[in-house]
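Everything on this sheet refers to the single structure shown next.
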Amino acid sequence: MSWTVVPASQFGAQMARWSALHAAGAASPLLATDFVAALMASFADGRELLAWHDTAGVTDAMAILSPGGVGVWHTFQPSQAPVGLWLQRDDGAPTALLRPLLARLPGPALLVGLTQCDPALMARPADAACVRTTDYIRTARITLRGAGGFDAFWEARGKNLRSNLKKQRNRLRQDGVTPRLEICRAPEQMAQAVADYGRLEGSGWKAAGGTAVDAANAQGQFYRAMLEAFAARGAASVYRYWLGDQLAAMDLCVEGGDCIVVLKTAYDEQLAGQLSPALLMREEACRQLFDENRFGRIEFYGRVMEWHLRWTDEVRTMYHLNGYRWPGLARLHAMRKPAPHSAA
Numbered sequence: 568m569s570w571t572v573v574p575a576s577q578f579g580a581q582m583a584r585w586s587a588l589h590a591a592g593a594a595s596p597l598l599a600t601d602f603v604a605a606l607m608a609s610f611a612d613g614r615e616l617l618a619w620h621d622t623a624g625v626t627d628a629m630a631i632l633s634p635g636g637v638g639v640w641h642t643f644q645p646s647q648a649p650v651g652l653w654l655q656r657d658d659g660a661p662t663a664l665l666r667p668l669l670a671r672l673p674g675p676a677l678l679v680g681l682t683q684c685d686p687a688l689m690a691r692p693a694d695a696a697c698v699r700t701t702d703y704i705r706t707a708r709i710t711l712r713g714a715g716g717f718d719a720f721w722e723a724r725g726k727n728l729r730s731n732l733k734k735q736r737n738r739l740r741q742d743g744v745t746p747r748l749e750i751c752r753a754p755e756q757m758a759q760a761v762a763d764y765g766r767l768e769g770s771g772w773k774a775a776g777g778t779a780v781d782a783a784n785a786q787g788q789f790y791r792a793m794l795e796a797f798a799a800r801g802a803a804s805v806y807r808y809w810l811g812d813q814l815a816a817m818d819l820c821v822e823g824g825d826c827i828v829v830l831k832t833a834y835d836e837q838l839a840g841q842l843s844p845a846l847l848m849r850e851e852a853c854r855q856l857f858d859e860n861r862f863g864r865i866e867f868y869g870r871v872m873e874w875h876l877r878w879t880d881e882v883r884t885m886y887h888l889n890g891y892r893w894p895g896l897a898r899l900h901a902m903r904k905p906a907p908h909s910a911a
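Residue numbers for the sequence shown, in my numbering: 568 to 911.
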């Protein structure tokens, strides 16, 4: 059993290793090679490390790590990555792997943090001498299979939600406005989809904060490259919701591991006072996904919002996991109040 640690610039040479491990494990699309390669190309600063662990000649864990404070490393975590870049063959807790990894990292390596861990992909361990976990966020999903179909799912939603969206559809009908859901899946459609998404998001509050996707910025370049790569193997979908000739809402999604992940949602905020374009889109998209029966679940991965709770009661808590070189460090770290949603 051993760890190998190299500069993450060698990820291209190890993509086959990452892909093989991804196929053997939980297979979240958020840890697919296409997703990781696009993150690295757009957001890595050259200080990252690539690490992999072999047992009896078989790779059973891999990670991309970034330096934090003195003696601290953590999984590479740009904001566009819903989960930390730690990949393993099984879904058990990785506790036994952390101290040997610390011994191989540039020193003195005292703490390694696995950020934004999903308990559905990797079991959350109990705190121990050299391991501590902290809550990150609650996130939501919708189970598609075994739920009795869309009608049963929709009937279980709150009466206010169902009534409100029905009234909005009736109003659109009375006004002669025809809603239309369009789904783009071809690689050559992704550049325009990201540009359209950027214009939609850029017209709202995110533009003022400088966080909106734009076709020309690093975010836009990431989403275009990543979606094109996923679409080339039939695993990307962009939902556009039209009200007549007006683009009202969009979802950017990736697929794999029996799920579809909604990465980004934007809507025309000028409509918000009269309509809920994102929710109207979500209703039609959910109906279609239930009917197609292609996936077992819809994953949202963002922080649970009020609208999520109207849509589903399936909520779980993501977490950060810290591994320490010595038990005393774990005790000292536990004595100080951690920053909100911080692994280190």
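Note that beta-carbon positions come from the ideal geometry of N, C-alpha and C, so glycine has one too.
- Message: Based on DSSP bridge pairs, tell me the residues matched to I526.
- Response: Any question about residue 526 goes unanswered here, given that the chain covers just 568 to 911.
- Query: Can you name the start and end residues of the alpha helix (DSSP H) that S609 belongs to?
  - Reply: Here residue 609 corresponds to residue number 42 of the sequence shown, with the count starting at 1. Counted as a single uninterrupted DSSP element, the alpha helix (DSSP H) harbouring S609 occupies residues T600 to F610.
- Task: Specify the secondary structure class of Q788 as computed by DSSP and reduced to three states.
- Result: As a position in the sequence shown, residue 788 is number 221, starting the count at 1. It is helical.
- Query: Between the region 843 to 859 and the region 799 to 816, do three or more beta carbon pairs fall short of 8 Å?
  - Reply: yes
- Taking all protein chains shown into account, decide if T622 is buried (16 or more other Cβ within 10 angstroms of its Cβ) or exposed. Position 55 of the sequence shown holds residue 622. T622 comes out exposed.
- Enumerate, from N- to C-terminal direction, the unbroken alpha helix (DSSP H) stretches of 4 or more residues contained entirely within the region 743 to 783. 757 to 769 and 772 to 776
- Query: Any idea what DSSP makes of D825, helix, strand or coil?
  - Reply: Counting from 1 along the sequence shown, the entry for residue 825 is found at position 258. It is coil, neither helix nor strand.
- Task: Any chance you could list the alpha helix (DSSP H) runs of at least 4 consecutive residues sitting entirely within the region 824 to 905, in chain order?
- Result: 844 to 859, 873 to 878 and 894 to 902
- For C565, the nearest candidate out of R712, L598 and V698 (CA to CA): Since the first residue of the chain shown is 568 and the last is 911, residue 565 is not available in this structure.
- Please classify P667: is it buried, with 16 or more other beta-carbons within 10 angstroms of its beta-carbon, or exposed? As a first step, residue 667 must be located in the sequence shown, where it is residue number 100. Its Cβ having fewer than 16 others within 10 Å, P667 is exposed.
- Message: Please report the distance separating the alpha-carbon of A792 from that of A605.
- Response: Working through the sequence shown from its first residue, we reach residue 792 at position 225. Working through the sequence shown from its first residue, we reach residue 605 at position 38. C-alpha separation (whole angstroms): 6 Å.
- Does DSSP classify G680 as helix, strand or coil? Taking the sequence shown and counting its residues from 1, one reaches residue 680 at position 113. DSSP places G680 in strand when its eight states are reduced to three.
- Name the DSSP beta bridge partners of W653, please? For the purposes of this step, residue 653 is taken as residue 86 along the sequence shown, with counting starting at 1. Beta-bridge pairing links W653 to A630.
- Item | CB contact check: A687 to chain C, cutoff 8 Å | Among the chains of the structure shown, chain C does not appear; only one protein chain is present.
- Message: Measuring only the C-alpha atoms, how far is H620 from E866?
- Response: Here residue 620 refers to the residue found at position 53 of the sequence shown. Here residue 866 refers to the residue found at position 299 of the sequence shown. So the alpha carbons of these two residues sit roughly 29 Å apart.
- Query: Does the beta-carbon of L876 have 16 or more other beta-carbons within 10 angstroms, so that it is buried, or is it exposed?
  - Reply: If you number the sequence shown from 1, residue 876 lands on position 309. The residue in question, L876, is exposed, as its Cβ has fewer than 16 Cβ neighbours within 10 Å.
- Task: Take R584 and list the residues in its own chain whose beta-carbon comes closer than 6 Å to its own, dropping the five residues that flank it on each side.
- Result: Within the sequence shown, numbered from 1, the residue matching residue 584 stands at position 17. Contacts found: T626.
- Message: My output table needs one value for P645: the three-state DSSP class, helix, strand or coil.
- Response: By 1-based counting over the sequence shown, the position of residue 645 is 78. P645: coil per DSSP, three-state reduction.
- Item | DSSP-derived helix/strand/coil call for S804 | Along the sequence shown, one-based indexing puts residue 804 at 237. Three-state DSSP puts S804 in a strand.
- Message: Going by the DSSP bridge assignment, what does V639 pair with across the sheet?
- Response: Locating residue 639 in the sequence shown gives position 72, where the first residue counts as 1. Per DSSP, L678.
- Item | Buried/exposed call for E795, threshold 16 Cβ in 10 Å | Stepping through the sequence shown from its first residue, residue 795 is reached at position 228. Its Cβ being crowded by 16 or more others within 10 Å, E795 is buried.
- Based on Cα-Cα distance, which residue from A901, H900 and G869 lies nearest to S646? Along the sequence shown, read from residue 1 onward, the residue named residue 646 stands at position 79. It is G869.
- What distance in whole Å lies between the Cβ atoms of A779 and G769, which are believed to be in contact at a cut-off of 8 Å? Your numbering for residue 769 matches position 202 in the sequence shown. Your numbering for residue 779 matches position 212 in the sequence shown. At roughly 4 Å, the Cβ-Cβ gap stays under 8 Å, so G769 and A779 are in contact.
- Message: Just to check my reading of the structure: T682 and Q644 have Cβ atoms closer than 8 Å, yes? What is that Cβ distance to the nearest angstrom?
- Response: Residue mapping note: residue 682 aligns to position 115 of the sequence shown, counting from 1. Residue mapping note: residue 644 aligns to position 77 of the sequence shown, counting from 1. The Cβ separation is near 5 Å, so the contact holds.
- Message: Cutting at 8 Å between CB atoms, please list the residues of its own chain near P844, excluding the five before and the five after it.
- Response: The residue given as residue 844 occupies position 277 in the sequence shown. Cβ within range, chain order: Y808, L810, A815, A816, Y834, D835 and L838.
- Message: Just list the residues that DSSP pairs T571 with in beta bridges.
- Response: One-based indexing of the sequence shown puts residue 571 at position 4. DSSP output for T571 lists W619 as bridge partner(s).
- Query: DSSP state of R724, grouped into three classes?
  - Reply: Sequence index remark: in the sequence shown, residue 724 carries index 157 (1-based). In the structure shown, R724 sits in coil (DSSP, three-state: anything other than H, G, I, E or B).
- Item | Element boundaries [alpha helix (DSSP H), containing P667] | As a first step, residue 667 must be located in the sequence shown, where it is residue number 100. Membership of P667 in the alpha helix (DSSP H) is indicated by the continuous run T662 to R671.
- Just tell me which of R729, L830, G823 and K831 has its CA closest to the CA of A594. Within the sequence shown, residue 594 is the residue found at index 27, counting from 1. Here the closest residue by C-alpha is G823.
- Item | Own chain residues within Cβ distance below 8 Å of Y764, not counting five before or after | Your numbering for residue 764 matches position 197 in the sequence shown. The answer, listed in chain order, is V780, Y790, V805, M817, L819, K831 and A833.
- Measure the alpha-carbon distance for L632 versus L672 and round it to whole angstroms. Counted from its first residue, the sequence shown places residue 632 at position 65. Counted from its first residue, the sequence shown places residue 672 at position 105. Rounded to whole angstroms, L632 to L672 spans 10 Å at the Cα level.
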